[in-house]
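Just below is one structure, and these are the notes that go with it.
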Amino acid sequence: MHASTFFASAAALVSVASAGTIPTFAKRFNVTEAWGQWQVTNLTFYDSPSSDSLSFQLWWDNGYSGPVQCSASLYSIQDDSWYRCAAREGYGDNLAFALSENWENISISQKLYQSGPRVNLNGTAPLPIKWENTIAGRQGAGDPFYVPVLSVSYTFGNGTTSPTEYSTRK
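Just so you know, the sequence shown maps onto residues -19 to -1, 1 to 151 in mature numbering (1 follows the signal peptide of the UniProt record, and there is no 0).
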């Protein structure tokens, strides 16, 4: 009886050790789906000949983490340029966003620092802006929406990065 308990414990330990750094829950699903999605709220835009600005709040971990304020205000917000979100309690410095051409899509990147490898998450979604014309340009807002994690990679302590794993969801 004691020998079988010992061997069962040893087998469990070996399976945990061989699991590596990918959590068990992530192995049961598409790995990107296991990381979830970000929620974008309080979305506002302003576009004029003299300046562009946008602002939104970003939540993650099913709404349990966040919000982090993300914004950019420049003469011209560049397509495919990355902007960092404001730091809040150590979270914002690892979040960034970019807008595609004509502000049709938003991309979000998050680096999760943990014991073991750093996790690099990326996702993209359509940007649902409702535009209004004003005298000096146009302004817009958007209802809350989600940006799914579409790719994940891991950066190890020695600087190497794992191959990127892509999601099958759109």
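Backbone N, C-alpha and C define an ideal beta-carbon position, used for all residues, glycine too.
For clarity, every value in this text was computed on a predicted model and none was experimentally measured.
1. Across the region 23 to 37 and the region 119 to 139, are there enough close Cβ pairs to call them in contact, namely three or more that are closer than 8 angstroms?
2. Does the beta-carbon of residue 35 have 16 or more other beta-carbons within 10 angstroms, so that it is buried, or is it exposed?
3. Taking the beta carbon of residue 18 as the centre, do at least 16 other beta carbons fall within 10 Å, making it buried, or is it exposed?
4. For residue 111, which residues in the same chain have their Cβ closer than 7 angstroms to its Cβ, ignoring the five residues on either side in sequence?
5. If you scan the region 66 to 122 from start to end, which runs of the beta strand (DSSP E) of 3 or more residues do you find wholly inside it?
6. Between which two residues does the beta strand (DSSP E) harbouring residue 38 extend?
7. Give me whichever residues DSSP pairs with residue 135 in a beta bridge.
8. Three Cβ pairs or more, each shorter than 8 angstroms: is that satisfied between the region 132 to 145 and the region 88 to 102?
9. DSSP puts residue 50 in a beta bridge; with which residues?
10. Under three-state DSSP, which class holds residue 16?
11. Along the chain, where does the beta strand (DSSP E) containing residue 45 start, and where does it finish?
12. With H, G and I counted as helix, E and B as strand and the rest as coil, what does DSSP make of residue 28?
13. Does DSSP put residue 21 in a helix, in a strand, or in coil?
14. Closest Cβ-Cβ distance between residue 60 and chain B: below 8 angstroms?
15. Does residue 224 come out as helix, strand or coil in the three-state DSSP assignment?
16. What whole-angstrom Cβ distance do residue 106 and residue 129 have, given they're in contact under 8 angstroms?
Based on what the coordinates show:
1. yes
2. For the purposes of this step, residue 35 is taken as residue 54 along the sequence shown, with counting starting at 1. Result: buried.
3. One-based indexing of the sequence shown puts residue 18 at position 37. Flag for residue 18 reads buried.
4. Indexing the sequence shown from 1 puts residue 111 at position 130. Cβ within range, chain order: 121, 122, 123.
5. 76 to 80, 86 to 93, 99 to 107, 111 to 115
6. Taking the first residue of the sequence shown as position 1, residue 38 is located at position 57. Looking at the DSSP string, the run of the beta strand (DSSP E) that includes residue 38 is 33 to 41.
7. Indexing the sequence shown from 1 puts residue 135 at position 154. Its beta-bridge partners are 100.
8. yes
9. To locate residue 50, count along the sequence shown from 1; it is residue 69. According to DSSP, residue 50 bridges with 38.
10. Your numbering for residue 16 matches position 35 in the sequence shown. In the structure shown, residue 16 sits in a helix (DSSP, three-state: H, G or I).
11. As a working mapping, residue 45 is identified with position 64 in the sequence shown. Neither: residue 45 is in no beta strand (DSSP E) and is coded neither H nor E.
12. For the purposes of this step, residue 28 is taken as the residue at position 47 of the sequence shown. In this structure, residue 28 counts as strand in the three-state DSSP scheme.
13. For the purposes of this step, residue 21 is taken as residue 40 along the sequence shown, with counting starting at 1. In the structure shown, residue 21 sits in a strand (DSSP, three-state: E or B).
14. Absent here is chain B; the protein component of the structure consists of one chain.
15. Here the chain comprises residues numbered -19 to 151, so residue 224 is not present and cannot be evaluated.
16. Taking the first residue of the sequence shown as position 1, residue 106 is located at position 125. Taking the first residue of the sequence shown as position 1, residue 129 is located at position 148. Correct: roughly 7 angstroms between the Cβ atoms.
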